[in-house]
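Chemist: The structure under discussion is supplied below as structure tokens; questions concerning it will follow.
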Amino acid sequence: MNLKALQKITYGLYIVCSVQGDKLNGQIANTVMQVASEPPAIAISINKHNLTHEFITGSKVFSASILCQDTPMTFIGRFGFRSGRDLDKLEGVDYKTGSTLAPIVTENTVAYLEARIIHEVDVNTHTLFIGELVNADIVSEETCMSYDYYHEIKRGKTPVNAPNYIKT
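Numbered as in this note's numbering, the sequence shown ends at 174 without a single skipped number.
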């Protein structure tokens, strides 16, 4: 079986954030999708070892900021290759607090989605969180970053905790 065929599935690049008490955290994610239209619902896939997973499990809310194609690699690296256990990822980053109290990153963002969890699905290393949309807006008309663009043009890597990581 050629697992590289899975890399041909199209993805975007997002920052998924949540809140736990007075603490905020966010991470890069490539798995965000609309799963229903009425009422609108989205799903995200988050590794169980990530701090963001802990925050979402506790608060039952999350936001997803859709990144623009021109997002700098240093910005992506801040959210994708560092742990919120070691630093405040949102320090110095433009964000606002959403209606669910989850942070919404507005820097390098084309649009954002905010949701309350309605269902969780255990998928071994990850949890698929399904959330009913409570807020959404367009921030800019820039081109959205695809995961393919991230890899091919920006030469980005896939972190071990990503749902589409393939051991080579």
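Note that beta-carbon positions come from the ideal geometry of N, C-alpha and C, so glycine has one too. If you're wondering where the values come from, they're calculated on a predicted model, not measured in any experiment.
1. Who are the Cβ neighbours of Cys74 in its own chain at under 8 Å, not counting the five residues just before and after it?
2. Would you call the segment 60-67 and the segment 23-32 touching, i.e. three or more CB-CB distances under 8 Å?
3. Please report the straight-line C-alpha distance between Thr112 and Phe81, rounded to a whole angstrom.
4. Spatial neighbours of Phe135 within its chain, please: C-beta separation below 7 Å, excluding the five flanking residues on both sides.
5. Between the C-alpha atoms of Pro109 and Ala35, what's the straight-line distance to the nearest angstrom?
6. When the cut-off is 8 Å and only beta carbons count, does Gly137 lie next to chain C?
7. Would you report the Cα separation of Arg84 and Lys95, rounded to the nearest angstrom?
8. Going by C-alpha to C-alpha distance, which of Lys10, Gly90, Lys54 sits closest to Gly32?
Modeler: The answer reads as follows:
1. Asn114, Thr115, Val116, Ser146, Glu148, Thr149, Cys150, Met151
2. Yes, the segment 60-67 is in contact with the segment 23-32.
3. 12 Å
4. Once the five neighbours on either side are set aside, the close Cβ partners of Phe135 are Ala49, Ile50, Ile52, Ile62, Phe68, Ile123, Glu126.
5. Pro109 and Ala35 have their C-alpha atoms some 15 Å from each other.
6. The question asks about chain C, but that chain is absent: this structure has only one protein chain.
7. Rounded to the nearest whole angstrom, the C-alpha separation of Arg84 and Lys95 is 7 Å.
8. Gly90
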